[in-house]
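I have placed the structure first, in the form of structure tokens, so that the comments after it can refer back to it.
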Amino acid sequence: MTQVSMTVNGKAVSGVVEGRTLLVDFLRGNLRLTGTHVGCDTSQCGACVVHVDGRAVKACTMFALEAEGAQVRTIEGMANADGSLGVIQQAFQDHHGLQCGFCTPGMVMSAAALLKDNPRPTEAEVRAHLEGNICRCTGYHNIVKAIMAASGQDVAAIAAE
Amino acid sequence: MYAFEIERPTTIAAAAAALAHDGAQALGGGQTLIPSLKQRLASPEKLVSLTAIPEMRGVCLSDAGEVCIGGATAHATVAAEAAAHFPALAALASHIGDPAVRNRGTIGGSLANNDPSACYPAAVLGTGATIITNSRSIAADDYFDGMFSTALTEGEIITEVRFPVPQRANYQKFVQPASRFALVGVFVAQYAGGVRVAVTGASEGGVFRWAEAEAALSASFSAAALEGLSVPAEGMIGDLHGTPEYRAHLVKVMTKRAVAAA
Ligand SMILES: Cc1cc2nc3c(=O)[nH]c(=O)nc-3n(C[C@H](O)[C@H](O)[C@H](O)COP(=O)(O)OP(=O)(O)OC[C@H]3O[C@@H](n4cnc5c(N)ncnc54)[C@H](O)[C@@H]3O)c2cc1C
Ligand code: FES
Ligand code: FES
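Structure (structure tokens):
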């Protein structure tokens with residue numbers, strides 16, 4: 001067992017973990033931040049996406065010890081300081097970008113990573129960026145719409161065919 | 162997963178020393194290794210992480226005009242930083258898996274693993290790149306040794322890969338939609354001395370050079386030059402995603418597309 005320390009959503013945290021402890025298990029099990037989901041555990045669905053040092057990664061495919069000293073951001077860190085929904089989260093609500101909500105934490109974190117690098121993406125860019133985020137409910141259209149809206153673009157014209 | 166320790170050295174020398182111990186295994190981005198550990202397909206006693214070693218990360222241009230990529234450089238970094246020097250390589254990196262995979266997965270891990278459907282092996286063999294390890298240099302033509310098999314010895318670390326920059330080049334990947342790996346991928350590169358064509362995803366022998374296409378394209382760099390050629394289905398991979406015949410057909414189609422796009 002080894003001591004690991006990192007900053008999660010702006011707060012210094014630490015814990016004692018095994019080598020094989022995944023980052024997602026440290027977040028969910030040790031820190032009780034259960035907003036980050038495990039959909040597949042085989043690196044394919046993106047439900048577990050968090051940011052490590054500003055980059056989107058699958059928390060089920062990284063060890064907690066590899067995040068030693070890192071800045072980690074999870075879905076719990078996406079709300080505004082007063083607890084109201086952040087811009088991307090609000091857009092998901094406004095545009096019905098979720099149904100069961102299981103994929104949503106990963107979708108929101110992937111969207112946030114995209115908008116940081118590309119503040120006004122095209123619809124095609126949004127769809128390409130979501131390559132590794134699987135949703136089995138929505139059919140994606142409203143997720144794409146929500147992300148476009150969160151980037152401040154007019155989404156009335158986006159077809160929901 | 163079976164239990165193991167993790168070590169995070171910060172120099173190549175320290176990593177090589179750690180890997181000299183029995184039961185130690187390198188950990189790159191973990192995008193292949195962690196899923197196989199979960200399936201208990203590997204049982205290392207110790208993982209030696211290579212991603213905290215600054216001398217193994219980044220993209221640069223050598224005095225000889227080669228694009229040099231540190232062995233622990235993430236696909237996303239190659240996509241961003243190789244774009245100015247070698248756009249075909251950057252484009253290949255930018256289509257590996259998905260954004261989160263590209264933020265962790267490394268070129269060294271991909272080449273050490275040598276998945277028969279991986280993208281980087283096509284670029285390395287298609288350019289005649291050099292693989293630099295902690296102990297030697299290996300020419301691309303001597304490196305790949307069939308599916309999941311390479312010239313690397315136990316504990317050897319890919320520290321860098323050097324790509325000679327072609328006059329023009331292109332990689333075309335026919336995506337296997339479930340895995341996002343290449344069902345068939347073809348890398349075509351033209352140099353003053355001739356053309357190289359490397360094919361991934363198709364053969365049971367792993368990545369290979371298509372010699373007839375290289376000869377035809379060296380004489381005339383055009384899709385039309387490939388017209389009379391065909392690839393035998395024998396030895397091609399057959400699975401639920403495609404028959405050997407289908408893959409053989411795709412090799413030619415993707416090669417033509419790569420030539421047209423180069
Ligand atoms: C959803 C998904 C989609 C993917 N899609 C694609 C795709 O389209 N195309 C593609 O090419 N790949 C794809 N991959 C694989 C991805 O590119 C991996 O990152 C890569 O194959 C392995 O690199 P890694 O750094 O993650 O290595 P790891 O998983 O850490 O290691 C893999 C193997 O290499 C060894 N190793 C690691 N680094 C070194 C080194 N520097 N020197 C010596 N040995 C080393 C390890 O010991 C291990 O045996 C995908 C993966 C996932 C999860
Ligand atoms: S739970 Fe991590 S990718 Fe599905
Ligand atoms: S809303 Fe149910 S999986 Fe996406």
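Protein chains in written order, with our numbering: chain P, 1 to 161; chain L, 162 to 423. The C-beta atom is built at its ideal place from N, Cα and C for all residues, glycine as well.
In terms of DSSP beta bridges, what is L/Asn331 paired with?
L/Val349
is_contact[L/Arg265, chain P] using C-beta, thresh 7 Å
yes
For L/Pro277, which option in L/Met397, L/Pro248, L/Ala245 and L/Val322 has the closest C-alpha, if you only look at C-alpha atoms?
L/Met397
Just by C-beta distance, which residues in the region 49-64 of chain P are closer than 7 Å to chain L?
Val49, Arg55, Ala56, Val57, Lys58, Thr61, Met62 and Phe63
Minimum Cβ-Cβ distance from P/Ser43 to chain L less than 7 Å:
yes
Does the beta carbon of L/Ala279 fall short of 6 Å from some heavy atom of ligand 1?
yes
Please report the Cβ distance between L/Val345 and L/Val360, rounded to the nearest whole angstrom; I am assuming they are in contact, meaning their Cβ atoms lie under 8 Å.
Yes, L/Val345 and L/Val360 are in contact; Cβ-Cβ is about 7 Å, under 8 Å.
Check whether the Cβ of P/Arg20 lies closer than 7 Å to any Cβ atom in chain L.
It does: the Cβ of P/Arg20 has a partner Cβ on chain L nearer than 7 Å.
P/Glu161 to P/Val144 span [Cα, whole Å]
Because P/Glu161 sits at a pLDDT of 48, beneath the cut-off of 50, its placement in the model cannot be relied upon, and the following sentence gives the value as read from the coordinates. Roughly 13 Å between the two C-alpha positions.
At least one CB of chain L closer than 7 Å to the CB of P/His129: is that the case?
P/His129 counts as touching chain L.
Quick one: list the residues of chain L neighbouring P/Ala113, beta-carbon separation under 8 Å, in chain order.
Neighbours of P/Ala113 on chain L, chain order: Pro260.
Check the Cβ-Cβ distances between P/Gly29 and every residue of chain L, and say whether any is below 7 Å.
no
So who's on the other strand from L/Ile292, going by DSSP bridges?
L/Ile299 and L/Val322
Sequence-distant residues of the same chain with beta carbon closer than 8 Å to L/Ala241, five excluded per side:
Ala251
Can a CB atom of chain P be found closer than 7 Å to the CB of L/Met162?
yes
Rounded to whole angstroms, what is the Cα-Cα separation between P/Arg73 and L/Cys221?
When only Cα atoms are considered, P/Arg73 and L/Cys221 end up about 31 Å apart.
Need the endpoints of the beta strand (DSSP E) that L/Met162 sits in, please.
From DSSP, L/Met162 is part of no beta strand (DSSP E); its letter is neither H nor E.
Is the distance from the Cβ of P/Met109 to the Cβ of P/Val49 below 7 Å?
yes
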